[in-house]
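Q: Counting from 1, position 159 in the sequence shown corresponds to residue 203 in the numbering used here; the numbering is continuous, with no gaps.
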Amino acid sequence: NKRRKAPGPDGVTPACLKTCADELAPIFSQIFNRSLELCEVPDCLKRSTIIPVPKKSKITGLNDYRPVALTSVVMKSFEKLVLAYLKDITGPLLDPLQFAYRANRSVDDAVNIGLYFILQHLDRPGTYVRILFVDFSSAFNTIIPSLLHTKLNQLSVPSSICQWITSFLTDRQQLVRLGKFTSSSRTTNTGAPQGCVLSPLLFSPYTNDCTSKDPSVKLLKFADDTTVIGLIRDGDESAYRQEVKELAVWCSHNNLELNKLKTVEMIVDFRRNPLHFLTHHHGQHCGYSGEIQDLKWVTHIDSIVKKAQQRLYFLRQLKKFNLPQELLRQFYSAVIESVLCTSITVWFGSATKSDIRRLQRTVRTAERIIGAPLPTLQELYTSRVRKRAQKIILDPSHPSHPLFELLPSGRRYRAPNIRTTRRMNSFFPQAIHLMNN
Numbered sequence: 045n046k047r048r049k050a051p052g053p054d055g056v057t058p059a060c061l062k063t064c065a066d067e068l069a070p071i072f073s074q075i076f077n078r079s080l081e082l083c084e085v086p087d088c089l090k091r092s093t094i095i096p097v098p099k100k101s102k103i104t105g106l107n108d109y110r111p112v113a114l115t116s117v118v119m120k121s122f123e124k125l126v127l128a129y130l131k132d133i134t135g136p137l138l139d140p141l142q143f144a145y146r147a148n149r150s151v152d153d154a155v156n157i158g159l160y161f162i163l164q165h166l167d168r169p170g171t172y173v174r175i176l177f178v179d180f181s182s183a184f185n186t187i188i189p190s191l192l193h194t195k196l197n198q199l200s201v202p203s204s205i206c207q208w209i210t211s212f213l214t215d216r217q218q219l220v221r222l223g224k225f226t227s228s229s230r231t232t233n234t235g236a237p238q239g240c241v242l243s244p245l246l247f248s249p250y251t252n253d254c255t256s257k258d259p260s261v262k263l264l265k266f267a268d269d270t271t272v273i274g275l276i277r278d279g280d281e282s283a284y285r286q287e288v289k290e291l292a293v294w295c296s297h298n299n300l301e302l303n304k305l306k307t308v309e310m311i312v313d314f315r316r317n318p319l320h321f322l323t324h325h326h327g328q329h330c331g332y333s334g335e336i337q338d339l340k341w342v343t344h345i346d347s348i349v350k351k352a353q354q355r356l357y358f359l360r361q362l363k364k365f366n367l368p369q370e371l372l373r374q375f376y377s378a379v380i381e382s383v384l385c386t387s388i389t390v391w392f393g394s395a396t397k398s399d400i401r402r403l404q405r406t407v408r409t410a411e412r413i414i415g416a417p418l419p420t421l422q423e424l425y426t427s428r429v430r431k432r433a434q435k436i437i438l439d440p441s442h443p444s445h446p447l448f449e450l451l452p453s454g455r456r457y458r459a460p461n462i463r464t465t466r467r468m469n470s471f472f473p474q475a476i477h478l479m480n481n
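Written as structure tokens, this is what we have:
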């Protein structure tokens, strides 16, 4: 409930704004318009209280905390107005392979198109792929406002709005609160506070010029998660290595630091005699925006099954309290089915029969508890693939839109020539097959 959210340093709560909206709207309209005219944000609206939120259970240092900023609710209302304006201007000009904070884009789209590039390339003889999963250290906290100003200007954002955003990000007073303890206030002139409405969007134009120049190297972005995909043929890695070097140089010029401990590489090589000495990755499975990806999905499915089975306990407890069947179904849909269907369009087509049986066993257990039939995972997968495909087809700006090519008849889509089962089971071939049937 947004009305219960914590207030910022000014103590104004969302409930207060909602209750007094009619009285406050004219006053805030004058303040907001004056702020835009002067290209300045009032200092009282730039104050923030930083709450260190642990990233993991065992804390070993300051880097294990995420600095979440509690900012003025009034300022957040103002930011939403600017956010909508910025999206309209920058949206069509942003890198199409940036999938975060954009309409009709998701992490599933990023993974699916990444897999498309990989599997299409591996369908050819004498090929392999090198994938670099890049992690930045405190990405949002290192944005340089003056550099962002220049990049926004290049995206046709008016100079007055660029200046207003620079004012928003500079001379910010902040203090840290941990439990009962509060630090003294300090002024910051770098970074976009995590917790502000504008911060996530501002990172997209900041990294917009971070792209690959070589067609054999794909650079996918989801906010600050960046993946470099090198499509290697006949052992020639020169283009991939050059793009990685240029990425490192770009990071240096843009005040972004690579997290060497979390930046990992994965080699995908299905040839009879793979290059075993290419072992620069730190683990067997690599993650991209929460996905586990080794082209087999076993680890990802194990995680899903474990989470879903743990949630069955709560369904059993609710059954003991004699909740109506409809409420049990709603609980299953919201708490268990949502876990089972996490990124289902990405991995279900490639799952083994034994893994599908394990997943479906969880559904059958829930059916027995509820006492009513539930949709199978195959039905959910088919429905979601078809729905996702329809949205991509209706969006010409989507980077995957050209993959759905209508035949001259205008009734069916062109099916790609595919050699391997692993590619056939991926999202786009399956989506085209479903749309044609």
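Beta carbons are placed, not taken as given, at the ideal position from N, Cα and C, and that holds for glycine.
Just so you know, these numbers come straight off a predicted model, no measurement behind them.
Looking at the strands, I want to know which residues DSSP matches up with Gly279.
A: Taking the first residue of the sequence shown as position 1, residue 279 is located at position 235. BP columns for Gly279 are empty, so no partner.
Q: Give, in chain order, every unbroken run of the alpha helix (DSSP H) that is at least 4 residues long and sits entirely within the region 418–453.
A: 421–437
Q: Apart from the five residues just before and just after Pro417, which ones in its own chain have a Cβ nearer than 7 Å to its Cβ?
A: Counted from its first residue, the sequence shown places residue 417 at position 373. Closer than 7 Å at Cβ, skipping near neighbours: Glu411.
Q: Report the three-state DSSP secondary structure of Phe143 (helix, strand or coil).
A: Within the sequence shown, residue 143 is the residue found at index 99, counting from 1. Residue state, collapsed to three classes: coil.
Q: Considering only residues of the same chain and omitting the five flanking positions on each side of Phe471, which have a CB-CB separation below 6 Å?
A: By 1-based counting over the sequence shown, the position of residue 471 is 427. Asn156 and Thr389, listed in sequence order.
Q: Helix, strand or coil for Cys240? Go by DSSP, reduced to three states.
A: As a position in the sequence shown, residue 240 is number 196, starting the count at 1. Strand.
Q: Which of the three DSSP states, helix, strand or coil, is assigned to Ser181?
A: As a working mapping, residue 181 is identified with position 137 in the sequence shown. Strand at Ser181.
Q: By Cβ distance, which residues of its chain are closer than 6 Å to His193, with the 5 residues on each side in sequence left out?
A: Working through the sequence shown from its first residue, we reach residue 193 at position 149. If we look at His193 and ignore the five residues flanking it on each side, its Cβ neighbours are Cys206 and Thr210.
Q: Please state whether DSSP places Glu123 in a helix, a strand or coil.
A: For the purposes of this step, residue 123 is taken as the residue at position 79 of the sequence shown. Note: Glu123 maps to helix in three-state DSSP.
Q: List in chain order: all unbroken alpha helix (DSSP H) runs of 4+ residues lying wholly within the region 345–382.
A: 369–375
Q: For Pro96, report the span of its beta strand (DSSP E) as first-last.
A: Residue mapping note: residue 96 aligns to position 52 of the sequence shown, counting from 1. Pro96 -> beta strand (DSSP E) spans Ser92 to Pro98.
Q: Just the Cα atoms here: how many angstroms apart are Leu137 and Ser441?
A: One-based indexing of the sequence shown puts residue 137 at position 93. One-based indexing of the sequence shown puts residue 441 at position 397. Annotation: Leu137 to Ser441 spans about 10 Å, alpha carbon to alpha carbon.
Q: Mind checking whether Phe247 and Ile187 have CB atoms under 9 Å apart?
A: In the sequence shown, counting from the first residue as 1, residue 247 sits at position 203. In the sequence shown, counting from the first residue as 1, residue 187 sits at position 143. Cβ distance < 9 Å, so Phe247 and Ile187 count as in contact.
Q: Measuring only the C-alpha atoms, how far is Tyr357 from Val379?
A: What you label residue 357 is simply residue 313 of the sequence shown in a count that begins at 1. What you label residue 379 is simply residue 335 of the sequence shown in a count that begins at 1. Distance between the alpha carbons of Tyr357 and Val379 is about 11 Å.
Q: Taking the alpha carbon of Cys83 as the reference point, which residue from Leu127, Arg174, Met119 and Phe212 has its own alpha carbon closest?
A: Here the question's residue 83 lines up with position 39 in the sequence shown. Of the listed residues, the one whose Cα sits closest to Cys83 is Phe212.
Q: Is the beta carbon of Ser92 sitting closer than 9 Å to the one on Gln218?
A: Counting from 1 along the sequence shown, the entry for residue 92 is found at position 48. Counting from 1 along the sequence shown, the entry for residue 218 is found at position 174. Closer than 9 Å, so yes.
Q: Using the Cβ count rule (16 or more neighbours within 10 Å means buried), how would you classify Glu449?
A: Along the sequence shown, one-based indexing puts residue 449 at 405. Answer is exposed; the Cβ neighbour count stays below 16.
Q: If I measure Cβ to Cβ from Asp108 and keep anything under 7 Å in the same chain, skipping five residues before and after, which residues do I get?
A: As a first step, residue 108 must be located in the sequence shown, where it is residue number 64. Sequence-distant Cβ neighbours of Asp108 in its own chain, meaning closer than 7 Å and more than five residues away, are Pro98, Lys99 and Lys100.
Q: How long is the line joining the alpha carbons of Ser398 and Leu421, rounded to whole angstroms?
A: On the sequence shown, position 354 is the one that residue 398 refers to. On the sequence shown, position 377 is the one that residue 421 refers to. Roughly 14 Å between the two C-alpha positions.
Q: For Tyr457 versus Ile476, is the C-beta distance shorter than 9 Å?
A: Sequence index remark: in the sequence shown, residue 457 carries index 413 (1-based). Sequence index remark: in the sequence shown, residue 476 carries index 432 (1-based). Going by C-beta atoms, Tyr457 is nearer than 9 Å to Ile476.
Q: Per DSSP, which one or two residues make a beta bridge with Phe266?
A: Taking the first residue of the sequence shown as position 1, residue 266 is located at position 222. Looking at the DSSP assignment, Phe266 forms a beta bridge with Asp269.
Q: Using the C-alpha atoms, what's the distance from Pro452 back to Glu301?
A: Taking the sequence shown and counting its residues from 1, one reaches residue 301 at position 257. Taking the sequence shown and counting its residues from 1, one reaches residue 452 at position 408. Cα-Cα distance, rounded: 50 Å.
Q: Distance, Cα to Cα, Cys385 vs Asn317?
A: Along the sequence shown, read from residue 1 onward, the residue named residue 385 stands at position 341. Along the sequence shown, read from residue 1 onward, the residue named residue 317 stands at position 273. Roughly 36 Å separates the two Cα atoms.
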